[in-house]
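Shown next, in structure tokens, is the structure this report addresses.
Protein chains: 2
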Amino acid sequence: MCESRVYLMENGSEVPIMENVIYIEPQDDKIFMSDLLGEQKIVEAKIKEVRLLEHKIILENRKDKK
Amino acid sequence: MCESRVYLMENGSEVPIMENVIYIEPQDDKIFMSDLLGEQKIVEAKIKEVRLLEHKIILENRKDKK
Chain A
1 MCESRVYLME
11 NGSEVPIMEN
21 VIYIEPQDDK
31 IFMSDLLGEQ
41 KIVEAKIKEV
51 RLLEHKIILE
61 NRKDKK
Chain B
1 MCESRVYLME
11 NGSEVPIMEN
21 VIYIEPQDDK
31 IFMSDLLGEQ
41 KIVEAKIKEV
51 RLLEHKIILE
61 NRKDKK
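Chains as they are written, first to last, in the numbering used here: chain A, 1 to 66; chain B, 1 to 66.
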């Protein structure tokens, strides 16, 4: 299975914010995500990196983007 | 393994543009991606959806975004 853990960069650290994520959709300034059980979360962020082999999706705050 | 196929939306159709992608990184107005063999591609686009169970990452042209 390919579900991933989603992290949010905070002060240079990767803080895990959701497990078993199977779906991600950027929506304007936000990221919509949902997990295997259908639970949903929306965070104000943008995608920084998707590392599929590590099952890792890293988000960052929009204001942190250079 | 979790490598995915990357598609670009063109006139409402999903056109496959790269196979076995393991890494994606948005860079300004572009998307950088690389595959299992280390091959790299950069396209002018943004991420529309990431569907991990389907091994599918869908990009769209930035100008198509409403």
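Even for Gly, the Cβ is constructed at its ideal location relative to N, Cα and C.
Open item on the list: So for A:Lys46, helix, strand or coil by DSSP?
Closed with: Of the three classes helix, strand and coil, the one that applies to A:Lys46 here is strand, per DSSP.
Open item on the list: Could you give the first and the last residue of the continuous beta strand (DSSP E) run that contains B:Lys56?
Closed with: Element bounds for B:Lys56: 56-60.
Task: Range covered by the beta strand (DSSP E) that runs through A:Lys63 - done: Careful: A:Lys63 lies outside any beta strand (DSSP E) and carries neither H nor E.
TODO: Just mark B:Ile22 as buried or exposed, buried being the case when its beta carbon has 16 or more other beta carbons within 10 Å.
DONE: buried
Task: B:His55 to A:Ser13 span [Cα, whole Å] - done: 27 Å
- [ ] Excluding the 5 residues preceding and the 5 following B:Lys48 in the sequence, name in chain order all residues of the same chain whose CB lies nearer than 8 Å to its CB.
- [x] Met9, Ile58, Leu59, Glu60
Task: Contact set between the stretch 23-47 of chain B and chain A, restricted to residues whose Cβ is under 8 Å from the partner - done: Tyr23, Ile24, Glu25, Pro26, Lys46, Ile47
Task: Best match in A:Asp35, A:Asn11, A:Pro26, A:Glu25 for proximity to A:Glu19 [C-alpha to C-alpha] - done: A:Asp35
Open item on the list: Within 10 Å of its beta-carbon, does A:Pro74 have 16 or more other beta-carbons around it, so buried, or fewer, so exposed?
Closed with: Given a span of 1 to 66 for chain A in the structure shown, any question on residue 74 of chain A remains unanswerable.
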